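Residue numbers (this note's numbering), protein chains in the order written: chain A, 92 to 447; chain B, 10 to 174.
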Amino acid sequence: MKKAITAIIAVAIIALMAFGYNQAAGHRAHSDEQAEMNPQEIIFEHLGDSYGWEVPFSHSTRIPLPVIVRAQDGSWHVFMSSQLEGGAQYDGFQIAKGGDYNNKVVQILPDGSQFRPVDLSITKNVAGIFIAALLVVLMVFKVKNWYKKNGMKAPRRFTAALEVVVDFVYTDTIRPIMGKEAPKYGPYLLTVFFFILTMNLLGLIVIFPGGANLTGNLAVTAVLAVITFLVTNLTGTKHYWKEMLWPEVPTALKCPVPLMQVIEIFGIFTKPIALMIRLFANMMGGHMVVIVFMLLIFIFGSMFGTAVGAAMTPLSVALSLFMLLLDVLVSFIQAYVFTILSTMFISMAHVHAHAE
Amino acid sequence: MELFKPEFGLAFWMFIAFLCLFLILAKWAWPFIIKSMEERADLIDKGVAYAQEAKSQLDNAKAEADKLIASARDEQAEILREAAKMRNELIEKARGEAADEAKKVTEAAQVSLEQARKEAEKQLRTQVGDLALQIAEKVIRKNIASDDAQRALVDQYLSEVETKN
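What follows is the structure, encoded as structure tokens:
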């Protein structure tokens, strides 16, 4: 009985969606500007950064965010992104369309050429990062305050869920790998884990305050990878560097031609680059597939007519939903993988004696 | 492809945000959480160990109690035996003492009896001597002519003596 009701409701929702699509398509057919749909542009618009934050059900209304740019003459300009809406120019700045700086703020110089200023704007992604950081602080302090208030009592509900994750990451992963040094590097690794996890999950929520594709952005993952790289190499022991620069291999492999050294030093850089690319590609790929599945409706609609597009809706929604659910899992796994690999890189840089 | 060109502004803010987040959490949250979690894990471990120990102690307690009862019984029997022995000894001793006392009393009685007898003998002898002397005096005093008269006199005095005694 319950199953039957669920099925009926699902069919009704899907039928409504198909109907809605039909209406929208009809409306669009009647409107004057029937723009050619460009899936690539839509995908990259959704995955990329922007100066305002979109709100649901409207493509033009955006939550304004501050734009902070340094003009060519060295002066700083701060204004809200709403000033640049619809290609408007403000203070000589404008969002470029096409060209090298597509969708970025550029300064229009007197001679008409575009100059890309130093751009420290609080864009959608930056705001998303701040929100994620704030959420992490709130969550972690929730756990901390529980311990402070209730001491040895076991936490309940959300705090308990958080504690399980902390326990899983710290006690079951960091401590076995790092051993005695776990308390020293635990805070960094736990912060990395929770920050990535929060950013991943926020990216899956389609409306504000989610929807910013944070970890699917190379700049974000690059910063995380660089920090791990710095921690790994700045805290490396003498033995770690010795292994790298004069490894215990037959002399022929390291003396006239520094083959091993080249490989080892190459390895230092490939590790964080792999971290960066892995997180980026996984999250961006997931988002992209979700969008592509949704776009299938419109692609089929424009190719074979409205009816085909409408018929495509249930399948698209089902596939998108499946991908989103999969992405929830991927969010956790990727945050965990980044953390465990960082842990291993750091602990590998802390070798002391040769284990014969 | 905008996505593959890292934006400086985004990286900058990301770095700042991460740094702030890390500093705040590393200073005020993580060490405390880790410490508390470890303390609680220790507490739970200790609790489990304690419970196990308590259970084994409980299991042992019955055996120990039985042992204790058995040993108490032994002790009780020992005490009773001791008491009986002591009582017997006491009785023996008392009996011995009583016998000694009785013997002493008997001896004393015998001694005093002997003395009394000796006294009586002595008295008797003195009296018999006195009587014999009196009789002899009276016999002599009366100048007895005949045997009969003498005999009658002796009888008379003897009966006198007898009545006197």
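In this text, a Cβ means the ideal position worked out from N, Cα and C, and glycines have one as well.
This structure is a prediction, so every number in the text was calculated from the model and none was measured.
### Message
Contact defined as beta carbons within less than 8 Å: I believe Ala20(B) pairs with Tyr279(A). What is the distance between those atoms, to the nearest angstrom?
### Response
Residue mapping note: residue 20(B) aligns to position 11 of the second sequence, counting from 1. Residue mapping note: residue 279(A) aligns to position 188 of the first sequence, counting from 1. With a Cβ gap of about 19 Å, Ala20(B) and Tyr279(A) do not count as contacting.
### Query
What is the DSSP secondary structure of Phe429(A), reduced to helix, strand or coil?
In the first sequence, the residue the question calls residue 429(A) occupies position 338. DSSP places Phe429(A) within a helical segment (H, G or I) once states are collapsed to three.
### Message
Any heavy atom of the ligand FMN inside 8 Å of the beta-carbon of Val283(A)?
### Response
Inclusion of the ligand FMN in the displayed structure is not the case, the ligand content being empty and no account of it being possible.
### Gln143(B) versus Glu123(B) - alpha carbon distance
In the second sequence, the residue the question calls residue 143(B) occupies position 134. In the second sequence, the residue the question calls residue 123(B) occupies position 114. For Gln143(B) and Glu123(B), the distance between alpha carbons rounds to 29 Å.
### Query
From Asp263(A) to Ala251(A), what does the alpha carbon distance come to, in whole angstroms?
Locating residue 263(A) in the first sequence gives position 172, counting from the first residue. Locating residue 251(A) in the first sequence gives position 160, counting from the first residue. Between Asp263(A) and Ala251(A), the C-alpha separation is close to 16 Å.
### Task
Consider the Cβ of Lys55(B): report whether some Cβ of chain D lies at a distance smaller than 9 Å.
The chain labelled as chain D is not found among the protein chains of the depicted structure, namely A and B.
### Beta-carbon proximity of Phe299(A) to Val256(A), cut-off 9 Å
In the first sequence, the residue the question calls residue 299(A) occupies position 208. In the first sequence, the residue the question calls residue 256(A) occupies position 165. It is not a contact, given that the beta carbons lie outside the stated cut-off.
### Query
Along the chain, where does the alpha helix (DSSP H) that runs through Ile220(A) open and close?
Counted from its first residue, the first sequence places residue 220(A) at position 129. Run containing Ile220(A): 215-241, per the alpha helix (DSSP H) assignment.
### Task
Taking all protein chains shown into account, decide if Thr172(B) is buried (16 or more other Cβ within 10 angstroms of its Cβ) or exposed.
Numbered from 1 along the second sequence, position 163 holds the residue referred to as residue 172(B). Burial call: exposed.
### Query
How should Tyr59(B) be labelled, buried or exposed, when 16 other C-beta atoms within 10 angstroms of its C-beta is the threshold for buried?
Your numbering for residue 59(B) matches position 50 in the second sequence. Burial call: exposed.
### Message
Among the candidates Ala26(B), Leu162(B), Ile25(B), Pro40(B), whose CA atom is the shortest distance from the CA of Ala273(A)?
### Response
By one-based count along the first sequence, residue 273(A) stands at place 182. The shortest Cα separation from Ala273(A) among Ala26(B), Leu162(B), Ile25(B), Pro40(B) belongs to Pro40(B).
### Message
Short of 7 Å in beta carbon distance, which residues of its chain neighbour Ala426(A), apart from the five on each side in sequence? Order them along the chain.
### Response
In the first sequence, counting from the first residue as 1, residue 426(A) sits at position 335. Answer for Ala426(A): Phe284, Ile287, Leu288, Asn291, listed in chain order.
### Message
If contact is defined by three or more beta carbon pairs under 8 Å, each pair taking one atom from either stretch, is the segment 315-333 of chain A in contact with the segment 424-439 of chain A?
### Response
Contact holds: three or more Cβ-Cβ distances are below 8 Å.
### Query
Would DSSP call Gly143(A) helix, strand or coil?
Residue mapping note: residue 143(A) aligns to position 52 of the first sequence, counting from 1. DSSP, reduced to helix, strand and coil, places Gly143(A) within a strand of the structure shown.
### Query
To the nearest angstrom, how far is it from the Cα of Gln198(A) to the Cα of Met375(A)?
Along the first sequence, one-based indexing puts residue 198(A) at 107. Along the first sequence, one-based indexing puts residue 375(A) at 284. If I take the Cα positions, the gap works out to 30 Å.
### Task
Compare the C-beta of Ser172(A) against all C-beta atoms of chain B and say whether one is closer than 9 Å.
Numbered from its first residue, the first sequence carries residue 172(A) at position 81. Taking Cβ atoms only, chain B never reaches closer than 9 Å to Ser172(A), which makes this a no.
### Task
Scan the segment 229-246 of chain A for residues whose Cβ lies nearer than 7 Å to a Cβ of chain B and list them as they occur along the chain.
Within the segment 229-246 of chain A, the residues whose Cβ lies closer than 7 Å to any Cβ of chain B are, in chain order, Val231, Phe232, Val234, Lys235, Tyr238, Met243.
### Query
From Ala162(A) to Ile296(A), what does the alpha carbon distance come to, in whole angstroms?
Looking up residue 162(A) in the first sequence gives position 71. Looking up residue 296(A) in the first sequence gives position 205. Looking at the two C-alpha atoms, the distance is approximately 35 Å.
### N-terminal and C-terminal residue of the beta strand (DSSP E) that Met171(A) is part of
What you label residue 171(A) is simply residue 80 of the first sequence in a count that begins at 1. Start and end: 167-171.
### Message
On the criterion of 16 or more Cβ atoms from any shown chain inside 10 Å, does Phe429(A) qualify as buried, or is it exposed?
### Response
Here residue 429(A) refers to the residue found at position 338 when the first sequence is read from its first residue. Under a 10 Å Cβ-count criterion, Phe429(A) is classified as buried, with 16 or more other Cβ atoms of the shown protein chains found around its own Cβ.
### Message
Quick check on Pro155(A) - is its C-beta less than 9 Å from some C-beta in chain B?
### Response
Within the first sequence, residue 155(A) is the residue found at index 64, counting from 1. The beta carbon of Pro155(A) sits no closer than 9 Å to any beta carbon of chain B.
### Message
Threshold first: 3 residues or longer. Then list the beta strand (DSSP E) segments lying entirely within the segment 314-388 of chain A, N to C.
### Response
Secondary structure in the segment 314-388 of chain A: no beta strand (DSSP E) run of 3 residues or longer lies completely within the stretch.
### Task
Could you pull the start and end residues of the beta strand (DSSP E) that Pro155(A) belongs to?
Stepping through the first sequence from its first residue, residue 155(A) is reached at position 64. In the DSSP assignment, Pro155(A) falls within the unbroken beta strand (DSSP E) covering 153-155.
### Task
To the nearest angstrom, report how far apart His121(A) and Phe423(A) are at their CA atoms.
For the purposes of this step, residue 121(A) is identified with residue 30 of the first sequence, where counting begins at 1. For the purposes of this step, residue 423(A) is identified with residue 332 of the first sequence, where counting begins at 1. Reliability of the predicted coordinates at His121(A) is poor, the pLDDT of 47 falling under 50, and the value obtained from them is presented with this limitation in mind. So the alpha carbons of these two residues sit roughly 45 Å apart.
### Task
Over the uninterrupted beta strand (DSSP E) stretch that includes Phe259(A), give me the two end residues.
Taking the first residue of the first sequence as position 1, residue 259(A) is located at position 168. Premise fails: Phe259(A) lies in the alpha helix (DSSP H), 248-260, not in any beta strand (DSSP E).
### Residue nearest to Ile186(A) in terms of C-alpha spacing, selected from Ser166(A), Arg207(A), Trp167(A), Val169(A)
Here residue 186(A) is taken as the residue at index 95 of the first sequence, counted from 1. It is Arg207(A) whose Cα lies nearest to the Cα of Ile186(A).
### Message
So Ala38(B) contacts chain A; which residues on that side make the cut at Cβ distance below 7 Å?
### Response
As a first step, residue 38(B) must be located in the second sequence, where it is residue number 29. Correct list: Val231, Phe232, Lys235.
### Query
From Phe135(A), Ala179(A), Gln131(A), Ile104(A), pick the residue whose C-alpha is nearest to that of Lys7(B); which is it?
Residue numbering for chain B in the displayed model covers 10 to 174; residue 7(B) lies beyond these limits and cannot be assessed.
### Task
Starting from Thr214(A), find everything on chain B with Cβ-Cβ shorter than 9 Å and list it in chain order.
Numbered from its first residue, the first sequence carries residue 214(A) at position 123. Within chain B, Glu16, Gly18, Leu19, Trp22 have C-beta atoms less than 9 Å from the C-beta of Thr214(A), given in sequence order.
### Message
Nearest by alpha-carbon distance to Val234(A): which of Arg248(A), Phe221(A), Ile222(A), Ala223(A) is it?
### Response
Counting from 1 along the first sequence, the entry for residue 234(A) is found at position 143. In this structure, Arg248(A) is the residue among Arg248(A), Phe221(A), Ile222(A), Ala223(A) with its C-alpha nearest to the C-alpha of Val234(A).
### Query
What whole-angstrom Cβ distance do Ala224(A) and Ala26(B) have, given they're in contact under 8 Å?
Here residue 224(A) refers to the residue found at position 133 of the first sequence. Here residue 26(B) refers to the residue found at position 17 of the second sequence. With 8 Å as the limit, Ala224(A) and Ala26(B) qualify as a contact, their Cβ atoms being about 5 Å apart.
### Query
Hey, would you say Tyr142(A) sits closer than 9 Å to Val196(A), going by beta carbons?
The sequence position of residue 142(A) within the first sequence is 51, counting from 1. The sequence position of residue 196(A) within the first sequence is 105, counting from 1. Taking 9 Å as the Cβ cut-off, Tyr142(A) and Val196(A) qualify as a contacting pair.
### Task
Within the same chain, show all residues whose beta-carbon is closer than 7 Å to that of Glu124(A), passing over the 5 residues directly before and after it, in chain order.
Position 33 of the first sequence, counted from the first residue, corresponds to residue 124(A). Residue confidence for Glu124(A) is low, a pLDDT of 41 falling below 50, so the modelled location carries little weight and cannot support an answer.
#### Entry: Residues that Phe184(A) bridges to, as DSSP identifies them
Within the first sequence, residue 184(A) is the residue found at index 93, counting from 1. Tyr181(A), Gln198(A), per the DSSP bridge assignment.
#### Entry: Gln205(A) - DSSP class collapsed to helix/strand/coil
Position 114 of the first sequence, counting from 1, holds the residue named residue 205(A). Gln205(A) falls in the strand class under three-state DSSP.
### Query
Residues of chain B with a CB under 7 Å from the CB of Gly277(A): which are they?
The residue you call residue 277(A) lines up with position 186 of the first sequence. By Cβ distance, chain B contributes Trp39, Ile43.
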